[in-house]
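**Q**
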Amino acid sequence: MQLCCIVLLVAATLLAIVDASSVETKLTTSTVPLSVQSLSTTPNDGVNIKRLRTDTEEGEKHEEKSIIVPGLSTLKESFIKIKDWFVNFVSKIKASFTQRRQIKQWMKEEKTPDEVFVLLGLDKGLDNILAKPELRTWSVFMTTYNRKNTKKMVTMLGTLTKHYGDLRVAKMIESSRKDSYTKPLANRLQNHQLTGWRMNGLSTDVVFELLRISEGGIKNLLSNKALKVWYYYFKWGNIHNNDWEIAVIRKLTTVYDDIQLSKASETAKHVESTEIIGKMLQTYQFKKWLADDVYPAVILKKLEMDQTKWKTNTNENIYSAYKKFYHANDHLHR
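Note that the sequence shown covers residues -20 to -1, 1 to 314 in mature numbering (1 follows the signal peptide of the UniProt record, and there is no 0).
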């Protein structure tokens, strides 16, 4: 509390300085009023009165002139920024104090992490959940709870999965990795998720089914966030396999048609959100075709035979790209 009072005092001082700096010193030019003695009745009264009137009128015509201090505006802006920082800092201290008091009360009432998760409304949906202050509060409570209940420890990933399931949590985590604010936490959660699957002995085929990669159709495949999660898991499990890239395509083509997959990859290359994975899968597929000794002319024929409608004409692009790839790498295959 002493720290809080000190911070408030400093913030108030800064506010006073900022307010003071906004006041401009003004210098007003005016005439010196005549003394009463000069208004005495003398032969020159008329002249004196006329002079007084003239001086007064001239004084009223003078404009007020401000003394402008160089750099005052910049100094004022700097103080305002510092003041805002302190106000924000004080707010965080207050929130932290309130949070600690609430957590202490929950611990006294012997609340479980699952009960607090619901109390904070974190069971209402996954939208932007990693950025919510309620999740941070819950995380602090979870840590406090685990310290005193070492035999009943819980994890954030476990609680999220309990309420939303592996698939929804996996997609949420992958989406959160695109936000710089939530990326660090999302990366940790994803690592825990993949590690957990591995420790539980889940094969890449089981995770493929767990994440329902085969659902949604070929045209939605590359925009499916679950595909990326499965890809990470597959790569991790096949890191020592020199042909793991080809193995990715072989797995996907057990569900999707080979040519339709190539068109999906080509289409994805022209969309910003799927450009990277589109290029990646196309390269893997070209490697598979080359390994299977498939000539570019054969691919062109298959492309033309496929009647699936796409937003863009992908045939020529795929054929040209594979032909170039084939001639550049054929010597490695022979």
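Note that beta-carbon positions come from the ideal geometry of N, C-alpha and C, so glycine has one too.
Compare the C-alpha of PHE214 against each of ASP185, LYS131, SER300, GLN85 and name the closest.
**A** Nearest option by C-alpha distance: ASP185.
**Q** Where does SER156 fall in DSSP's three states?
**A** Helix at SER156.
**Q** So LEU280 is in the alpha helix (DSSP H); what residue range does that whole segment cover?
**A** Taken as a continuous stretch (DSSP letters only), the alpha helix (DSSP H) holding LEU280 covers 276 to 285.
**Q** Is ARG80 helix, strand or coil when you go by DSSP?
**A** DSSP places ARG80 in helix when its eight states are reduced to three.
**Q** Does the contact criterion of 3 or more C-beta pairs under 8 Å hold for the segment 231 to 248 versus the segment 291 to 298?
**A** Yes, the segment 231 to 248 is in contact with the segment 291 to 298.
**Q** What three-state label does DSSP hand LYS303 in the structure shown?
**A** Note: LYS303 maps to helix in three-state DSSP.
**Q** Determine the DSSP secondary structure at ASN309, reduced to helix, strand or coil.
**A** In this structure, ASN309 counts as helix in the three-state DSSP scheme.
**Q** Taking the straight line between their C-alpha atoms, what separation do you get for TYR302 and LYS142?
**A** Taking the straight line joining both Cα atoms gives about 45 Å.
**Q** In or out: SER267 buried (at least 16 other Cβ within 10 Å) or exposed?
**A** According to the sequence shown, residue 267 is Lys rather than Ser. Buried: at least 16 other Cβ atoms inside 10 Å.
**Q** GLN79 and THR117 look like a contact to me (Cβ under 8 Å); what is the Cβ gap, rounded to whole Å?
**A** Confirmed, Cβ separation roughly 5 Å.
**Q** State the Cα-Cα distance for the pair GLU106 and LYS158, rounded to the nearest angstrom.
**A** Reading the sequence as shown, one finds Leu at residue 106 and not Glu. Looking at the two C-alpha atoms, the distance is approximately 15 Å.
**Q** Straight-line CA distance for THR288 to ALA206?
**A** Cα to Cα, the separation comes out at about 24 Å.
**Q** Compare the beta carbon distance of TYR264 and ILE229 with 9 Å and say whether it is the shorter of the two.
**A** Yes; because the gap between Cβ atoms is below 9 Å, this pair is in contact.
**Q** Is DSSP giving MET133 helix, strand or coil here?
**A** It is coil, neither helix nor strand.
**Q** When the Cα of GLU90 is compared with those of GLU57, LYS112, LEU110, ASN126, which residue comes out closest?
**A** Looking at the Cα atoms, ASN126 is the closest of the given residues.
**Q** What's the C-alpha gap between LEU174 and PHE121?
**A** Approximately 25 Å, taken between the alpha carbons.
**Q** Helix, strand or coil: which one does DSSP assign to GLY176?
**A** Helix, per DSSP.
**Q** At 4 residues or longer, what runs of the alpha helix (DSSP H) sit wholly inside the segment 177 to 211?
**A** For the segment 177 to 211, whole alpha helix (DSSP H) runs of length 4 or above, ordered along the chain, are 184 to 190.
**Q** Could you spell out the range, first to last residue, of the alpha helix (DSSP H) harbouring TYR264?
**A** Its alpha helix (DSSP H) spans residues 255 to 271.
**Q** Which of the three DSSP states, helix, strand or coil, is assigned to TYR125?
**A** If DSSP states are grouped into helix, strand and coil, TYR125 belongs with the helices.
**Q** If you draw a straight line from the C-alpha of LEU100 to the C-alpha of ILE109, how long is it?
**A** About 12 Å.
**Q** Using a Cβ-Cβ cutoff of less than 7 Å, which residues in the same chain neighbour TRP210 once the five nearest sequence positions on both sides are dropped?
**A** The answer, listed in chain order, is VAL187, PHE188, LEU191, ILE193.
**Q** My output table needs one value for ILE219: the three-state DSSP class, helix, strand or coil.
**A** Three-state result, ILE219: coil.
**Q** Apply the 10 Å Cβ neighbour rule to ARG31 and answer buried if 16 or more other Cβ atoms are within range, or exposed otherwise.
**A** The predicted model places ARG31 with a pLDDT of 49, which falls under 50 and marks its position as unreliable; any figure quoted below should be read in that light. Classification for ARG31: exposed.
**Q** Does the beta-carbon distance from LEU102 to LYS88 come in below 9 Å?
**A** Not closer than 9 Å, so no.
**Q** Output the distance between the C-alpha atoms of MET260 and TYR236, rounded to the nearest integer angstrom.
**A** In a straight line, the C-alpha of MET260 is about 17 Å away from that of TYR236.
**Q** Would you check if the distance between the CB atom of LEU202 and the CB atom of GLY258 is smaller than 9 Å?
**A** Going by C-beta atoms, LEU202 is nearer than 9 Å to GLY258.
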